[in-house]
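Right, one structure below, let's go through it.
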């Protein structure tokens, strides 16, 4: 039976006609033409030109073709390609079938030109919604595009999901939280024809909308609360950028402004503090603060990361493949990579004052007294004169490396500890900002250099001065800061690197764009501002498509283009190309509004379908690319935590603010360099949403990583999905999840004084939004009784499960903790149907 199935499964492939453009050309380009193409012709053979290719191809006879002989061989030195993985059996079979059918090349076969004609590089079309037979099913134009393709395949769409499923789905999708029992009850009893649309509009206005949609954006920005690399120092104000993203999304900031502020907010005329904070997008790169690091290499790696992050986020292209040479598959040159690089080379990192409400007033009221006292201390200890001498020696060490090793070490240490150290030193003291001058003085007092280090009396006096300054500083009301970018005033151009080696200087290059995209605006000397504007210009063929595709991916589990990170020639083609262009056009026409885009999608009949599988779809559309049903998806890592805390009543729903450190297994933090400090949050902070968990790059929070959160080192366009035993263990044993089970149990017992069945229904309402059925009620009642029996036999376990100060029967509470753990660990609870 199995052999027959396998044989029948192979028949269509063996006898189907081969499409050269779809099947053969990509294979030749990716596996053969690097050595036998336009740039290199080993043995004088070019497989991108029919006349040359026919030297090794015998049309109509794959058996007589030298090409097939070489790619099928297992003999080292004879097999092609000579390095790397051999062609797969399917790839060889494709070539054989094409050759046996006559090895026909298109009349004007030109791989280079074909790349320029790749679908994603062409202008966005304006397709009209197609006419469909079942017009009654269509709720908005999205459905016409989906249904037209289904009808062409003889497939019917699925019925609409039940009201409860639909409410839970859309609430999770738009806010990242499950609906409350009150919201469920209100929707189920609302018989108005637009009841669902009213729910959608309510959710779009929720403050939690920004939190939910910040998560995928922060994946792209690869946000973290620490530097990365070995030192992995904490970034205490990184959260200001996260706050900005949440607020921007909640306010439905047009995606044009959202883009420009993040890439070039500092270049806008009279930028606001918020626009400067937005440039924190570019500060999410890793920072190497190792004392002996090569600063030129570290900066080069940061700039490369910014190029890759920008191109992945807005263009959906693997521009990074052109760092060392021209892109092998997409029409992107090595020079163009460094033209992008030059935009970011012309910028510098900075830290700005970004006070929260009320901070500025308190700070400025106390500042005169602080400055007066500080000045008295510095004068008393003769700090200005000593610091001036110290600065001169540091400047000499920078200009003359190797002349004095002790001072060289002082420079490397300072670079590791002080952002923009060299820039500060080179700036005339009279032109430094008061804050920068204080920063430099404080560093001098704490690390006064080798000369003073050899003079104990002066060293001890400076330590005494530093102690007094720090004590005075502690009395000054805090002023919240933020990481930002600023233009580099001395920028005069960049240099390419040969083969991507930061030491191998190539040719000078100025900021510029890709030749496959419309020209950059401006006067021929573009800055990051012109780059950002070009990315969201209406004639940019990539950004609108990439952006609407990611929204679709979040709501359906896969994008219209499955490879959301790669819209290039090696990425997958769109399953519904006309729908993609229609959505992109509509997105632009709607003022680049993300909320309007999300509303359009979630109110479609396509989105509202049931996710139940149907037998006929297993053969006709096994991966659901045609969308004859909705997709059943496990919740992302952060949302699993959020749903658990919400159902238990523990969730602290405050919006924004600093990152928190909930309990985690002992020893995790110590795995980082020097034992990272994980100061466990107290009170309600330990129950904040997963979005706010402190992300330490070298030792990330285990629950997030177990459920496939990215490592934040590079931009992540789509998360992978795994299914491992660790995930179940995490939900059962993580301290917060256990505390959530305790809280859910107590919540049920306090709210319902009746029978076990009444209490169980309420627990189901809180977790799943529905009542327990008869079978569930019977099984859980039996489990509850078993728990009581265990507790009676092993009474010492009661205290481990239930707190004694709850005001509830401790034995009963302990048994309900067990029931609560079952409910919170159900697949239904952590899944979006």
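Numbering (my numbering), first residue to last: 28 to 860.
Even for Gly, the Cβ is constructed at its ideal location relative to N, Cα and C.
Buried or exposed by the 16-neighbour rule on C-beta atoms within 10 Å, applied to residue i
i: residue 40; result: Bear in mind that a pLDDT of 39 at residue 40, under 50, signals an unreliable position, so the model cannot answer this.
i: residue 180; result: exposed
i: residue 348; result: buried
i: residue 841; result: buried
i: residue 363; result: buried
i: residue 376; result: buried
i: residue 28; result: Legend: pLDDT at residue 28 = 36, less than 50; position of this residue unreliable, no value from coordinates given.
i: residue 470; result: buried
i: residue 256; result: buried
i: residue 475; result: buried
i: residue 505; result: exposed
i: residue 297; result: exposed
i: residue 630; result: buried
i: residue 110; result: exposed
i: residue 351; result: exposed
i: residue 246; result: buried
i: residue 232; result: exposed
i: residue 832; result: exposed
i: residue 477; result: exposed
i: residue 547; result: buried
i: residue 33; result: Unreliable placement is indicated for residue 33, whose pLDDT of 36 sits below 50; no coordinate value is reported for it.
i: residue 67; result: exposed
Cβ distance (whole Å) where residue i is taken to contact residue j below 8 angstroms
i: residue 570; j: residue 851; result: With 8 angstroms as the limit, residue 570 and residue 851 do not qualify as a contact, their Cβ atoms being about 40 angstroms apart.
i: residue 178; j: residue 203; result: 35 angstroms between Cβ atoms; not a contact.
i: residue 599; j: residue 612; result: The Cβ separation is near 22 angstroms, so there is no contact.
i: residue 308; j: residue 268; result: 7 angstroms
i: residue 479; j: residue 472; result: Going by Cβ atoms, the distance from residue 479 to residue 472 rounds to 10 angstroms, so no, they are not a contact pair.
i: residue 535; j: residue 553; result: So it is not a contact: roughly 16 angstroms between Cβ atoms.
i: residue 575; j: residue 610; result: 4 angstroms
i: residue 749; j: residue 735; result: 6 angstroms
i: residue 715; j: residue 687; result: 5 angstroms
i: residue 675; j: residue 770; result: 4 angstroms
i: residue 510; j: residue 262; result: 7 angstroms
i: residue 340; j: residue 329; result: Going by Cβ atoms, the distance from residue 340 to residue 329 rounds to 16 angstroms, so no, they are not a contact pair.
Delimiting residues of the beta strand (DSSP E) encompassing residue i
i: residue 512; result: 508–514
i: residue 524; result: 521–524
i: residue 110; result: Looking at the DSSP string, residue 110 is not in any beta strand (DSSP E), and its letter there is neither H nor E.
According to DSSP, residues forming a beta bridge with residue i
i: residue 603; result: According to DSSP, residue 603 bridges with nothing at all.
i: residue 63; result: 68
i: residue 660; result: 859
i: residue 679; result: 715
i: residue 532; result: 524
i: residue 253; result: 261
i: residue 720; result: 687
i: residue 814; result: According to DSSP, which records beta bridges pairwise, residue 814 is partnered with nothing at all.
i: residue 636; result: 187
Start and end residues, alpha helix (DSSP H) containing residue i
i: residue 377; result: Element bounds for residue 377: not the alpha helix (DSSP H) but the beta strand (DSSP E), 374–380.
i: residue 274; result: 266–277
i: residue 417; result: 410–426
i: residue 518; result: That residue, residue 518, is in no alpha helix (DSSP H); it is neither H nor E in DSSP.
i: residue 832; result: Per DSSP, residue 832 belongs to no alpha helix (DSSP H) and is neither H nor E.
i: residue 844; result: 837–851
i: residue 561; result: 555–562
i: residue 728; result: No alpha helix (DSSP H) holds residue 728; DSSP gives it neither H nor E.
i: residue 280; result: Run containing residue 280: none; DSSP gives neither H nor E here.
i: residue 471; result: 461–473
i: residue 579; result: 570–583
Chain D within 8 angstroms of residue i, Cβ atoms only
i: residue 791; result: Among the protein chains of the structure shown there is no chain D, as only one such chain exists.
Cβ pair count under 8 angstroms reaching 3, the segment 291–309 against the segment 525–540 = no
Can at least three beta-carbon pairs, one atom from the segment 207–224 and one from the segment 283–295, be found at a separation below 8 angstroms?
-> no
Pairing CB atoms from the segment 753–772 with CB atoms from the segment 632–650, are three or more of them under 8 angstroms?
-> no
Is the segment 185–200 touching the segment 161–175 in the sense that three or more CB pairs, one from each, lie closer than 8 angstroms?
-> no
Between the segment 792–802 and the segment 810–829, do three or more beta carbon pairs fall short of 8 angstroms?
-> no
Quick one: any contact between the segment 102–109 and the segment 559–570, if contact means 3 or more CB pairs under 8 angstroms?
-> no
Evaluate contact between the segment 123–131 and the segment 594–608, counting only Cβ atoms and requiring at least three cross-stretch pairs below 8 angstroms.
-> no
Are there three or more Cβ pairs, one per stretch, closer than 8 angstroms when the segment 43–53 is compared with the segment 115–130?
-> yes
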